[in-house]
Structure formats: structure tokens, C-alpha cells
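In this note's numbering, the protein residues as written are 12 to 395. Even glycine gets a Cβ: it sits at the ideal position worked out from N, Cα and C. None of the values given here were measured: they were computed from a predicted structure. Take a look at the structure set out below.
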Ligand SMILES: C[S@@+](CC[C@H](N)C(=O)[O-])C[C@H]1O[C@@H](n2cnc3c(N)ncnc32)[C@H](O)[C@@H]1O
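Printed below as a string of C-alpha cells:
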């Protein structure tokens, strides 16, 4: 692993000091979700709140919009029919602003600009970066961008979009024991370093896990470890409440419940990104690495149905991009150099061993949302 520099070491030390205080205040133990709140979102210090590069070659991981403008161009083609007649587009967790930029430029060319391009971003640092990137857009496009501090109080008509946001919500960790379920939380280990510590699952988590286990075709064996994100449902519910009519489009890595909690996946899906290395130690350099787990798309679909939305599409990212017309976007490349570069990016977006298969796209609609051809190539809803 590359060593952090002095400033990063100081940041990690400050995050660690905050964690120690928090763990002591809580009697020596915190849940993993609370650990994630600290190391990812502590104001000014957490991974997403502090100033490190995070995305792209200079950061820790690359998301689809960072990899290529082809992703935003395809999303533009997919959502354009839902933006007719003065509708709005709301992007959650806009990262560096790369998707907003690509989308606005392509929607403009397609004659389908939203009335407003709203961004809800929890990180003050990323909000600043989004400002800096989007300020360079042509003024008529930048004029449509507005940052929100909370979901709009009046439900909007149009599209709500989130790429790799669901996986960034803090989740809990559990293990199956002979006596039932334990919660894998965090205590201070040797030298005051945070370390895994298990205790019997408290009633709310136990109840969630009992419900989950009852819905699985095979029992979870003693020793099984996994993650659960009870916040997913309320989060999706809040997005549904913010949508009067139109669609919610979600992209993330994940699976339907039966596959995600398959007996063979008995070590869970928690993983960390540090300088383009993927590993499973969430206690390495607190505040300097991303920590995440795969998304339970069945939980999202169930919350959507509870909120009166229709699950109108669910497929792999590759199928979405093909359905949206990535081939037509590739054909727009101006010269050989751009064509070669875009072809290489398209491979990374599409190939099963890269981002094509584990990343999923989901469309949730309310009202007479225009059907999206992007979801017509593949229908995986039976796996939810
Ligand atoms: C993995 S990054 C993805 C960034 C960007 N969408 C992309 O694809 O490059 C997760 C993003 O979600 C933001 N985020 C996390 N929780 C959020 C929430 N509850 N509401 C809005 N944004 C959130 C983070 O600050 C960050 O911008």
C-alpha cells in the first residue's frame, strides 16, 4: 500500500482521535454504521468531507462518469424522454460533477435540457469541486444548476438520478452465531486502534435479520458474515416522496437479495478503496479510504413499491448502456484518437470483468413516465 503523506497522516490522526472519543462516550463500542459516519462523513475530516482527490487516476477509485463522458451521454439519451416540457433533473451525490457536466452538454445537444439541474450533495468539499467544474460550462447551462441543502419540499416532475450513492450510505455488519445473530461493531483494540468487536444484535437489527432470513431460500449458516443497510429503504422512500411524476434512475454495484445473501457469499461484500487498491481492512488509515458494500437491490425495489413507484427496469450497466445507444455515441467520435480512447473506455464500462455486470441500473417510475429504451435490452426484475 502506498504510504500517506504528512498531511494525510495528520488527517487520519484527527479522525482517529474523534473515533476514540466517540467509542469511549458510547461505553467502548459503536456499530459499524456509526463508524462509517465518522470515517466517511465527519465534517472537514471524513473521507467524503475532506479535501483529498478521491475520484479518478489521482484518487482512490474511478466511477463510470469519471471514466468517460460516454456514461453521461448514454444517461442523457435514456432520461431525455422523461424531461419533456419543463421538467427538472435532481442528481444526488454528484461527486466531482463529471456526470452533471456530461449530462448537461449532451442534453443540450438533444434539445432536452431540464428546467433546473438540482444537486444534493452532503459533502461541502465536493460541493465546492462541483461548483468549480460546472462554472466552466456555457453560461446558459450553468444557469440551470442549483445546489440544494435538502430534498426539495415540493415534489418535482422529472428525473432523480444517483450513481454510486446507495452504496455510500452507512451500513451495519452482522454474523450468524449458534445463538442467533451478532452485530459486528467497533471497539478500541491494541494501542487504541479501532478493531472489530461483536456483540449480540440489538432488537432492531435482530428483527431486520430475522425478516431477511425468512425471505431467503436457504438458511444462513453459523459463521456467515454479511452487511445490511436498513437506511436504504427510508432513503428511497424520501426520494419517492420528492418525485411527483417521472423516474428515479439508480446505478450501483449490487445484486438482488437471493444472490447477495447467497450461502457461498459468506464473507459479505465489504470492501475498501485506497489509491486504486481494493482490500477488506476498514481500519486502515481512517478517513483516507472509501469503505463500501454491495447494494441490496431487492430492498430498494421493495421500498419503491411501498412508496407507490413502479419498478420499471432493472438490468446490468452493460445492458443499460447498449440499450441507451452507446454504439451511436461511439460513432460520434471526432477523430481516430478520440475513437480509440472512447472504444477503450466503452470496454471498461461494458465488459463483465470490469463495470459491465456487477453494476446495475434500476428505473423506478411514478405516473406516465416515458418508457426508456435503455431498459429494454435486458429485464432482470425476476432476480429481485
Ligand atoms: C461514491 S461517490 C459517487 C460520486 C458520483 N456520483 C460519481 O459517480 O462519481 C458517493 C457520493 O455520494 C455522496 N453522498 C453520500 N451520501 C449521500 C446522501 N445521503 N445524499 C446525497 N449525497 C450523498 C458523497 O458525498 C459522494 O459525492
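How is residue i classed by DSSP in three states: helix, strand or coil?
i           : result
residue 185 : strand
residue 273 : coil
residue 392 : helix
residue 168 : strand
residue 355 : helix
residue 300 : coil
residue 377 : strand
residue 211 : strand
residue 288 : strand
residue 238 : strand
residue 263 : strand
residue 206 : strand
residue 346 : coil
residue 372 : strand
residue 256 : strand
residue 278 : strand
residue 173 : strand
How far does the beta strand (DSSP E) with residue i in it extend, from its first residue to its last?
i           : result
residue 85  : From DSSP, residue 85 is part of no beta strand (DSSP E) but of the alpha helix (DSSP H) over 80-90.
residue 325 : 321-327
residue 198 : 191-199
Would you say the beta carbon of residue i comes nearer than 6 Å to a heavy atom of ligand 1?
i           : result
residue 177 : no
residue 59  : yes
residue 249 : no
residue 133 : yes
residue 104 : yes
residue 73  : no
residue 137 : yes
residue 76  : yes
Just to confirm the assignment, what range does the alpha helix (DSSP H) spanning residue i have?
i           : result
residue 309 : 308-317
(message) Give the list of continuous beta strand (DSSP E) stretches no shorter than 3 residues that lie fully inside the segment 15-55.
(response) For the segment 15-55, not a single whole beta strand (DSSP E) run of length 3 or above is found.
(request) Scan the segment 93-169 and note each continuous beta strand (DSSP E) run of 3 residues or more that stays entirely inside, going in chain order. (result) Correct list: 99-103, 128-131, 156-159.
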